[in-house]
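Trainee:
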Amino acid sequence: MIILNLVLVLHTALAITALVLNTLLMMVMARFTPESFRSFSILLKLHASFDILISVCSLSTMLRAVPCGWSPIYLAYGPCTFISSDICYYFYSAFLASNVVTFVTVLVSFGVRYWILRFGYISIKRIMVAQMGAFIPAAVVLLALLYSKADLPELIPELEAYHPNYIEVGTAIIGTKPARTPAKMTLMVFVFGCPAPLFLVIWIYRQIMSLILHLLERKSKAMSLHTKHMHKQFITILTIQSALPFLVLLGISVYILGAFDIVNDPAMEVITFIIVELPALISPIIVVIHIRSYYEAILGLFQFRISRPPSTAMYPNHILDVPMLTIRPVTPLSPNKFPSNILDVPMSSRRPVSPMTLRFLD
């Protein structure tokens, strides 16, 4: 039980960190996006906004995936339990649908970069139309989840059959209908069947983008070095982001280990969702690291100052670097240069000394 509580604390910390990072990224993108990629930044903002939604849903539910045959049941430990189990299920549905949106948004971003490289420009209207198509898979998953929602009287007997000691006070029990129902079969097809072709499409886009960029570097004389560097930055970001859904597959693999009783532990049931939520934490870090304007803006928000090493001209590194003093020989003065008498000292007045003064001094 102690390990489970520690894992839940880790889950909460990661969700809060992801929420803070994505909120900071949204603030920076709203104020410090350069004009050169303002249209493409729409997709970056959309991705970050759904990452925020993922973090909020994760923080509100704090789910734990309990394998019960082919029908997983989820135990919620988050603040949604103070309202109702239905609210927890709606947050869970929004969590999965938002993950689908972020995944397909990366695919749309590849298409937008391809269009820009080929035609030099893409309108905001065309980007929005392409993104509207990206909402279709997420909408299908969301509708399938809402349609396959199971009531609490259906879930408790199934949970007692597999894990009778898992029914706890203060947790919400949510889940979907058994796998044999049409609604659950539809959900499983979209959840487990969609990633494979999307991975293939993203890989094809990556290869096409690399070939086009290589061709432009060899033959294009009009593209400036700044433009080439900017294209490389975005392709690097999209390439790393396109690999993040593999973490989702890793989380599903952890659940499968529990479903087959290979590794069945309450902490592992929470780790399943921790792994699935990692893309929302990693994605803003990728964007900030590879886009210098955002990186410098975030440093400016915290008033970080990068100090330069002191100059060796001002602070010598070794005592031998200190310049030696040059001692010049001093020519001795003639005796007549020193006053032998007070009379030889010139007076401050410009007027000549009168004889009366000389007589008085004698």
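Here the working numbering is used: the first residue of the sequence shown is 2, the next is one more, and so on. Glycine residues also receive a C-beta, built at the ideal position from the N, C-alpha and C atoms.
Determine the extent of the alpha helix (DSSP H) in which residue 112 is found, giving its start and end residues.
Mentor: Note, residue 112: alpha helix (DSSP H), 86–120.
Trainee: Residue 92 and residue 58: beta carbons closer than 7 Å?
Mentor: Yes. Within cutoff.
Trainee: Take residue 296 and list the residues in its own chain whose beta-carbon comes closer than 6 Å to its own, dropping the five residues that flank it on each side.
Mentor: Correct list, in chain order: 289.
Trainee: Let me make sure I understand the geometry here. Which of 101, 228, 147, 23 has the alpha-carbon closest to that of residue 277?
Mentor: Comparing Cα positions, the closest option is 101.
Trainee: How far does the beta strand (DSSP E) with residue 43 in it reach, from first residue to last?
Mentor: First-last for residue 43: 42–62, but that is the alpha helix (DSSP H), not the beta strand (DSSP E).
Trainee: Quick one, are the C-beta atoms of residue 259 and residue 68 less than 7 Å apart?
Mentor: Result yes, Cβ atoms of residue 259 and residue 68 sit closer than 7 Å.
Trainee: On a CA-only basis, which of 280, 76, 38 is nearest residue 157? Give me that one, please.
Mentor: Nearest of 280, 76, 38 to residue 157, Cα basis: 76.
Trainee: Just the C-alpha distance for residue 303 and residue 225, rounded to the nearest angstrom, thanks.
Mentor: Near 33 Å, if we compare the C-alpha coordinates of residue 225 and residue 303.
Trainee: Could you tell me which residues DSSP puts in a beta bridge with residue 65?
Mentor: Answer is 76.
Trainee: Assign residue 126 to one of three DSSP states: helix, strand, or coil.
Mentor: Note: residue 126 maps to helix in three-state DSSP.
Trainee: Going by DSSP, what residues sit across from residue 150 in a beta bridge?
Mentor: Partner(s): 177.
Trainee: Output yes or no for whether 7 Å exceeds the beta carbon distance between residue 280 and residue 250.
Mentor: Going by C-beta atoms, residue 280 is not nearer than 7 Å to residue 250.
Trainee: At the level of alpha carbons, what is the spacing between residue 27 and residue 74?
Mentor: Rounded to whole angstroms, residue 27 to residue 74 spans 34 Å at the Cα level.
Trainee: Can you confirm whether the stretch 266–277 touches the stretch 9–18 when touching is taken to mean that 3 or more C-beta pairs between the two stretches lie within less than 8 Å?
Mentor: Result yes; three or more Cβ-Cβ pairs closer than 8 Å.
Trainee: Leaving out the 5 sequence neighbours to the left and right, which residues in its chain are closer than 6 Å to residue 4 when beta-carbon positions are compared?
Mentor: 268, listed in sequence order.
Trainee: Excluding the five sequence neighbours on either side, which residues of its own chain have a C-beta within less than 6 Å of the C-beta of residue 19, listed in chain order?
Mentor: Correct list, in chain order: 56, 281, 282.
Trainee: To the nearest angstrom, how far is the alpha carbon of residue 35 from that of residue 29?
Mentor: For residue 35 and residue 29, the distance between alpha carbons rounds to 11 Å.
Trainee: For residue 94, collect the residues of the same chain with a Cβ closer than 7 Å to its Cβ; drop the 5 residues on either side in sequence, then sort them by chain order.
Mentor: The answer, listed in chain order, is 143, 146, 147.
Trainee: Run the CB neighbour count on residue 52, radius 10 Å, all protein chains shown included, and call it buried at 16 or more, exposed below.
Mentor: It is buried - the Cβ of residue 52 has at least 16 other Cβ atoms within 10 Å.
Trainee: Could you check if residue 8 is buried or exposed, using at least 16 other CB atoms within 10 Å of its CB as the buried criterion?
Mentor: So residue 8 ends up on the buried side.
Trainee: First and last residue of the alpha helix (DSSP H) that includes residue 294?
Mentor: First-last of the alpha helix (DSSP H) with residue 294: 293–302.
Trainee: Could you give the first and the last residue of the continuous alpha helix (DSSP H) run that contains residue 256?
Mentor: 246–260 is the extent of the alpha helix (DSSP H) around residue 256.
Trainee: First and last residue of the alpha helix (DSSP H) that includes residue 12?
Mentor: 3–33 is the span of the alpha helix (DSSP H), which, as asked, contains residue 12.
Trainee: Just mark residue 129 as buried or exposed, buried being the case when its beta carbon has 16 or more other beta carbons within 10 Å.
Mentor: Flag for residue 129 reads exposed.
Trainee: Please classify residue 242: is it buried, with 16 or more other beta-carbons within 10 angstroms of its beta-carbon, or exposed?
Mentor: The residue is buried, with at least 16 neighbouring Cβ atoms inside 10 Å.
Trainee: Suppose the cutoff is 7 Å on Cβ atoms and the five residues either side in sequence are ignored; what does the same chain contact list for residue 107 look like?
Mentor: Result list for residue 107: 203, 239, 242, 243, in chain order.
Trainee: Compare the C-alpha of residue 173 against each of 87, 257, 117 and name the closest.
Mentor: The residue with the shortest Cα to Cα distance from residue 173 is 87.
Trainee: Buried or exposed, going by whether 16 or more other CB atoms sit within 10 Å of the CB of residue 162?
Mentor: Per the 10 Å Cβ criterion, exposed.
Trainee: Do you know how far the Cα of residue 115 is from the Cα of residue 65?
Mentor: For residue 65 and residue 115, the distance between alpha carbons rounds to 40 Å.
Trainee: CA-CA distance, residue 60 and residue 126?
Mentor: Between residue 60 and residue 126, the C-alpha separation is close to 34 Å.
Trainee: Short check: CB of residue 139 to CB of residue 109, under 7 Å?
Mentor: No, these two residues do not count as a Cβ contact at 7 Å.
Trainee: If distances are taken between C-alpha atoms only, which option among 85, 121, 54, 154 comes closest to residue 99?
Mentor: It is 54.
Trainee: Looking at residue 298 and residue 33, is the spacing between their C-beta atoms short of 7 Å?
Mentor: A contact, by the Cβ cut-off of 7 Å.
Trainee: Leaving out five residues before and five after residue 415 in sequence, what residues of the same chain have Cβ atoms less than 6 Å from its Cβ?
Mentor: Limits of the chain in this structure are 2 at one end and 363 at the other, which puts residue 415 out of reach.
Trainee: Is the distance from the Cβ of residue 285 to the Cβ of residue 44 below 7 Å?
Mentor: Cβ atoms of residue 285 and residue 44: not closer than 7 Å.
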